[in-house]
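Residue numbers (the numbering used here), protein chains in the order written: chain A, 1292 to 1604; chain B, 20 to 289.
Note that the Cβ used here is the ideal one computed from N, Cα and C, for glycine as well.
Note that the structure is a prediction, hence the values are computed from the model and not measured.
Below is one structure, written out as structure tokens, with a few remarks after it.
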Amino acid sequence: MSTLANPLGTPHRGPASAGPRSAWLAGPGVRYLLLLIPSLMVIGFVVYPTVETVVHSFYQLDALGRVTGFAGFANYRALFAEPIFDTVLRNTVIYAVLSVVLSIGLAFGLAMLLNGHGLVNRFLLVGIFSPTVMPTIAAANIWLYFLAPQLGLFTRLLGDLGIQQANILGEPGSALGALVALFVWKYAPYFTLFLMAGLQAIPQNVRDALRTEDPSGWQSLRKVVLPIIAPMLAFVITLAVIYAMETVDPIYVMTQGGPNNGTNLVMYYLYQLGFNYFSWGPAAALSGLLLGGLSSLSALSLIALERRAFHWA
Amino acid sequence: MGMSMGRPWRRRLESGALALIALVWGFPTLWVLYATFVGTGSTSGLTLSNLVQAWNTAPFAQYTMNTVLIVGGLLITQGLVGLVVGFILARYEFPGKSLVTAIFLLQIVVPVYAVLIQDYQIVQGLHLLNTRIGIMLPYMVSGIAVLAFRQAFRSVPRELEEAARLDGYATLGVFRRVYLPRVGPAAVAFAVISITFHWTDFLWPLIVTNSNAARPVVVGLALLAEASESGLQWNLLAAGTAIVIIPVLLVFVAGTRRILSSFAATFDWH
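See the structure below:
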């Protein structure tokens, strides 16, 4: 007797359907076949380009990106010899550290607040999560408007507060600060989504017990909440580092790397090397470094997650 | 018990903090809607003229159609691949399974932007520059989708599958009747991640396209912004932004709680 739904109204198929055709469908050959094309897609567009990028970084490349000879470490030396690259690295480190720390800190606080609140007003939720659905390009345009000298909303607000003639995007320091603020605004809500999911793992009775035993919450935060949420926190921090390192859209719109390369970050510089200067050799070297750094970071965090949560096969 | 005394205070403080964050975080969106539909100029009152003007200044109809086709196409291919691969990885043992799993994890691990140049050359070699397929190609398989669906399939009790098999259902029937109805939250969470990522993706489509035939709306908006930078037509720019964000915003408003609870169910990794 079938208790399962039969929404399409097709006649109930009896044991006869478990004939040769379905045996073939369930066979290992079909499974390999189904896995083949998706695997080849990933190999073609992820694995092969990764290997190719690393290999190319040791070859001389012409303006069209074609291999013209072996280069050894010449591309890497050329990359590091460029004085701008030091500035780019320093900017990137400052930007990434500030962005990751501030966005994760805020996301954690927000996740705790929202989780403790049960049903939060829909409009509050939409307000908080609206940056997540706004393309960075669109957000950067709006921020550009807010921060424009003299005319911008934020600039005029500063003027009312007595800070005259503020040109936030005109100074290297404050321009980088504006990019950090944009990152925090854009990604803190997104990270909150994941951290809220992580906090769900704390059983309700434990939460209730904590609320009566430890009203201030610090002890329970340290001893109960943090250990439970640690894997998710590691995952979200990894995401944040990757997103921060990949930042390019707001630079393209708001500062073009300026003033004086003060907001030139590593991914924007890579884009410039390749598509503005056609200097593909150093671009390949920089890609290789980014690949090595970022993929080993996320591989570590995913392996940790797989072990604990996905039961690595 | 200090609780009963302290609690309403604390709760009010928390609500205040939430409201403040919602206001600050939602302000740019509010401003876009205000500048588009009310206008910041001398005229006042509700108007659609900014929206119409922006729509006519750039080929937004073409851009929007491109974005919808790209995002929708990717959602379908990533979803189908995720379902099939996720199911096989969740329910079967076979030689080489770890290797196959690792391949799909690599898709998550390797940052797309770092292989951008190589992918560009592949798409160029296939003569697919300036096409929607060319934009979609590197993204057609999503490791996140595979992992999300695999996790959802794993949490389906084996007894349900055995019962369905006793009822005479073959693999496809079991998949459709037992497994498919139980991946709703994973599908919603994956769809949100996929749609928001590809709807807002900028650098890759910028590089791959150089004509309006395949350009998505975000690239079109950036070009509009570049063109208007000298003239500073902010109302126009706000309206262009509104065209980009309103569809996604409506989806989010309609499904706020569903989306939040789906995230909680899918990423409850414990």
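Check whether the Cβ atoms of residue i and residue j lie closer than 7 Å to each other.
i: glycine 162 of chain B; j: isoleucine 127 of chain B; result: yes
i: tyrosine 1560 of chain A; j: valine 1379 of chain A; result: yes
i: glutamine 72 of chain B; j: proline 1340 of chain A; result: no
i: alanine 1488 of chain A; j: alanine 164 of chain B; result: no
i: leucine 256 of chain B; j: asparagine 1432 of chain A; result: yes
i: leucine 1582 of chain A; j: alanine 133 of chain B; result: yes
i: proline 1573 of chain A; j: leucine 1580 of chain A; result: no
i: phenylalanine 168 of chain B; j: glycine 91 of chain B; result: no
i: glutamate 180 of chain B; j: valine 202 of chain B; result: no
i: isoleucine 1428 of chain A; j: alanine 241 of chain B; result: yes
i: isoleucine 1535 of chain A; j: serine 1390 of chain A; result: Residue 1535 of chain A is actually alanine in this sequence, not isoleucine. Yes, Cβ-Cβ distance for alanine 1535 of chain A and serine 1390 of chain A is below 7 Å.
Less than 7 Å between CB atoms is the rule here; does residue i satisfy it with respect to chain A?
i: leucine 102 of chain B; result: no
i: glycine 274 of chain B; result: no
i: leucine 39 of chain B; result: no
i: threonine 260 of chain B; result: yes
i: serine 23 of chain B; result: With a pLDDT of only 41 at serine 23 of chain B, under 50, the local geometry of the prediction cannot be trusted, and the value read off the model is given with reservation. Chain A contact via Cβ: absent.
i: threonine 83 of chain B; result: no
i: alanine 167 of chain B; result: no
i: isoleucine 152 of chain B; result: no
i: serine 281 of chain B; result: no
i: alanine 109 of chain B; result: no
i: threonine 86 of chain B; result: no
i: leucine 240 of chain B; result: yes
i: methionine 155 of chain B; result: no
i: glycine 45 of chain B; result: yes
Excluding the 5 residues flanking residue i on each side, which residues of the same chain have their C-beta closer than 8 Å to its C-beta?
i: glutamate 1462 of chain A; result: Pro1550 and Gly1553
i: glycine 1320 of chain A; result: none
i: glutamine 97 of chain B; result: Tyr158, Met159, Val160, Ser161, Ala164, Phe209 and Ser213
i: phenylalanine 1349 of chain A; result: Phe1361, Ala1362, Gly1363, Phe1364 and Asn1366
i: isoleucine 226 of chain B; result: Leu135 and Tyr139
i: alanine 1296 of chain A; result: Residue confidence for alanine 1296 of chain A is low, a pLDDT of 40 falling below 50, so the modelled location carries little weight; the figure read from the coordinates is stated next. Excluding positions up to five away in sequence, the list is empty.
Can you tell me which of the options puts its alpha carbon nearest to the alpha carbon of residue i?
i: alanine 258 of chain B; options: B/Pro47, B/Ala284, B/Arg195 and B/Phe216; result: B/Pro47
i: leucine 1467 of chain A; options: A/Met1545, A/Ile1334 and A/Tyr1481; result: A/Met1545
i: leucine 1324 of chain A; options: B/Trp44, B/Leu52 and B/Val119; result: B/Val119
i: methionine 1332 of chain A; options: B/Leu108, B/Arg196, B/Val51 and B/Phe123; result: B/Phe123
i: asparagine 231 of chain B; options: B/Val193, B/Val43 and B/Pro78; result: B/Pro78
i: threonine 285 of chain B; options: B/Pro176, B/Arg29 and B/Phe172; result: B/Phe172
i: threonine 86 of chain B; options: B/Arg234, B/Trp253, B/Thr260 and B/Ala273; result: B/Arg234
i: valine 131 of chain B; options: A/Arg1447, A/Ser1587, A/Glu1537 and A/Ser1465; result: A/Glu1537
i: valine 1346 of chain A; options: A/Leu1588, A/Ala1576, A/Leu1591 and A/Ala1595; result: A/Ala1576
Using C-beta distances below 7 Å, list every residue in its chain close to residue i, excluding the 5 sequence neighbours before and after it, in chain order.
i: serine 1313 of chain A; result: Note that serine 1313 of chain A scores a pLDDT of 49, beneath 50, so its modelled location is shaky; the value from the coordinates is reported in the next line. There are no such residues.
i: alanine 1402 of chain A; result: Thr1483, Leu1486, Met1487 and Leu1490
i: phenylalanine 1569 of chain A; result: Ala1354
The beta strand (DSSP E) with residue i in it runs from where to where?
i: valine 1358 of chain A; result: 1358–1361
i: tyrosine 1478 of chain A; result: Not the beta strand (DSSP E): tyrosine 1478 of chain A falls in the alpha helix (DSSP H), residues 1463–1490.
i: leucine 1352 of chain A; result: 1350–1352
What is the residue span of the alpha helix (DSSP H) that residue i lies within?
i: tyrosine 1562 of chain A; result: 1557–1562
i: valine 1346 of chain A; result: 1339–1347
i: serine 290 of chain B; result: Beyond the ends of chain B as shown, which are 20 and 289, falls residue 290 of chain B; an answer cannot be given.
i: valine 1333 of chain A; result: 1319–1333
i: lysine 1514 of chain A; result: Where lysine 1514 of chain A is concerned, there is no enclosing alpha helix (DSSP H), given that its DSSP letter is neither H nor E.
i: threonine 1427 of chain A; result: 1427–1438
i: leucine 191 of chain B; result: 190–193
i: aspartate 186 of chain B; result: Unbroken run through aspartate 186 of chain B: none, as it is neither H nor E.
i: proline 204 of chain B; result: 203–219
i: threonine 1383 of chain A; result: 1374–1406
i: proline 224 of chain B; result: 222–227
Would you verify that the beta carbon of residue i is, or is not, closer than 7 Å to some beta carbon of chain B?
i: alanine 1500 of chain A; result: no
i: glutamine 1254 of chain A; result: Because chain A in this structure spans residues 1292 to 1604, residue 1254 of chain A falls outside the shown range and cannot be described.
i: threonine 1341 of chain A; result: yes
i: phenylalanine 1445 of chain A; result: no
i: alanine 1590 of chain A; result: yes
i: leucine 1582 of chain A; result: yes
i: phenylalanine 1364 of chain A; result: no
i: phenylalanine 1371 of chain A; result: no
i: serine 1313 of chain A; result: For serine 1313 of chain A, the pLDDT reaches just 49, beneath the cut-off of 50, and the residue's location in the model is therefore unreliable, leaving the point undetermined.
i: aspartate 1377 of chain A; result: no
i: proline 1550 of chain A; result: no
i: methionine 1425 of chain A; result: yes
i: aspartate 1353 of chain A; result: no
i: tyrosine 1386 of chain A; result: no
i: serine 1586 of chain A; result: yes
Please list, in chain order, all residues of the same chain as residue i whose beta carbon is under 6 Å from its beta carbon, the five residues on each side excluded.
i: leucine 93 of chain B; result: Met155, Tyr158 and His217
i: phenylalanine 1393 of chain A; result: Per the sequence presented here, residue 1393 of chain A reads as leucine, with phenylalanine not at that position. So the list reads Val1475, once near-sequence residues are dropped.
i: alanine 1398 of chain A; result: Ala1479, Phe1482, Thr1483 and Leu1486
Taking Cβ-Cβ distances below 9 Å as the criterion, which residues of the region 1449–1472 of chain A are in contact with chain D? Although the question refers to chain D, the structure presented lacks it and instead comprises the protein chains A and B.
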